[in-house]
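Novice:
In the UniProt record's numbering, the protein residues as written are 1 to 167.
(1) Just to confirm my understanding: we take residue 46, look at its own chain, exclude 5 residues before and 5 after, and list those with CB closer than 6 Å. What are they?
(2) What would DSSP say about residue 38, mapped onto helix, strand or coil?
(3) For residue 33, which residues from the same chain have a beta carbon less than 6 Å from its beta carbon, with the 5 sequence-adjacent residues on both sides left out?
(4) Taking the Cβ atom as the reference point for each residue, do residue 4 and residue 41 lie within a distance shorter than 8 Å?
(5) In whole angstroms, what is the alpha-carbon distance linking residue 39 and residue 51?
(6) Check whether the Cβ atoms of residue 43 and residue 2 sit closer than 8 Å, and answer yes or no.
(7) Which residues bound the beta strand (DSSP E) around residue 30?
(8) Given a threshold of 16 other Cβ atoms within 10 Å of its Cβ, counted over all protein chains shown, does residue 20 qualify as buried or as exposed?
(9) Provide the residue(s) that pair with residue 4 in DSSP beta bridges, ordered along the chain.
(10) Which first and last residues belong to the alpha helix (DSSP H) in which residue 22 is found?
(11) Please report the distance separating the alpha-carbon of residue 76 from that of residue 90.
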């Protein structure tokens with residue numbers, strides 16, 4: 001009577017450990033504890049529940065089977081290799097094309113961003129001069145209010161995201 005650990009039994013009988021644990025739970029296999037307090041099961045129980053262990057076939061001096069179709073097989077393999085090489089070249093060309101398209105789109109985006117700035121027709125110094133002129137006009141038009149009257153200052157209310165992002 002040979003005792004096997006659950007791992008050894010699962011390897012020897014080519015059965016999953018979960019199947020062995022299920023058989024133990026059903027009561028089909030009775031586990032025992034060995035000296036190291038490891039669950040072991042009887043090999044006879046494994047044969048009874050799961051059938052005989054699959055013997056490992058060991059072939060000594062086996063000769064490879066030689067068929068008369070070797071030349072045909074070699075020719076087919078060479079054709080497959082040639083097809084794969086063509087597919088590889090095609091995919092390389094496709095990748096290069098996609099990269100060129102991507103670079104073109106990137107350049108278009110950069111060009112569009114630069115053209116938006118140039119479409120206004122004003123330089124930074126002109127814009128600064130215009131803003132100073134507007135400020136001077138506004139200062140001249142300001143009317144003083146009585147200090148007795150409370151001023152209503154309306155604060156802009158921002159949403160949560162604007163407050164969070166600080167814009």
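Using N, Cα and C, we set each Cβ at its ideal position, and we do this for glycine too.
Specialist: Concretely, from the data shown:
(1) Taking the first residue of the chain shown as position 1, residue 46 is located at position 46. Closer than 6 Å at Cβ, skipping near neighbours: 9, 13.
(2) Position 38 of the chain shown, counting from 1, holds the residue named residue 38. Of the three classes helix, strand and coil, the one that applies to residue 38 here is coil, per DSSP.
(3) To locate residue 33, count along the chain shown from 1; it is residue 33. Once the five neighbours on either side are set aside, residue 33 has no close Cβ partner at all.
(4) Translated into positions along the chain shown, residue 4 becomes position 4. Translated into positions along the chain shown, residue 41 becomes position 41. Yes, these two residues count as a Cβ contact at 8 Å.
(5) Residue numbering aside, residue 39 sits at position 39 when the chain shown is read from its first letter. Residue numbering aside, residue 51 sits at position 51 when the chain shown is read from its first letter. Rounded to the nearest angstrom, the two C-alpha atoms are 21 Å apart.
(6) Translated into the one-based positions of the chain shown, residue 43 becomes position 43. Translated into the one-based positions of the chain shown, residue 2 becomes position 2. Going by C-beta atoms, residue 43 is nearer than 8 Å to residue 2.
(7) In the chain shown, residue 30 corresponds to position 30, counting from 1. First-last for residue 30: undefined, no H or E at that position.
(8) Residue numbering aside, residue 20 sits at position 20 when the chain shown is read from its first letter. Buried, since its Cβ has 16 or more Cβ neighbours within 10 Å.
(9) Locating residue 4 in the chain shown gives position 4, counting from the first residue. Paired residues: 41.
(10) Mapped onto the chain shown, residue 22 falls at position 22. Unbroken alpha helix (DSSP H) run through residue 22: 17 to 26.
(11) Here residue 76 refers to the residue found at position 76 when the chain shown is read from its first residue. Here residue 90 refers to the residue found at position 90 when the chain shown is read from its first residue. Using only the alpha carbons, I get a separation of about 21 Å.
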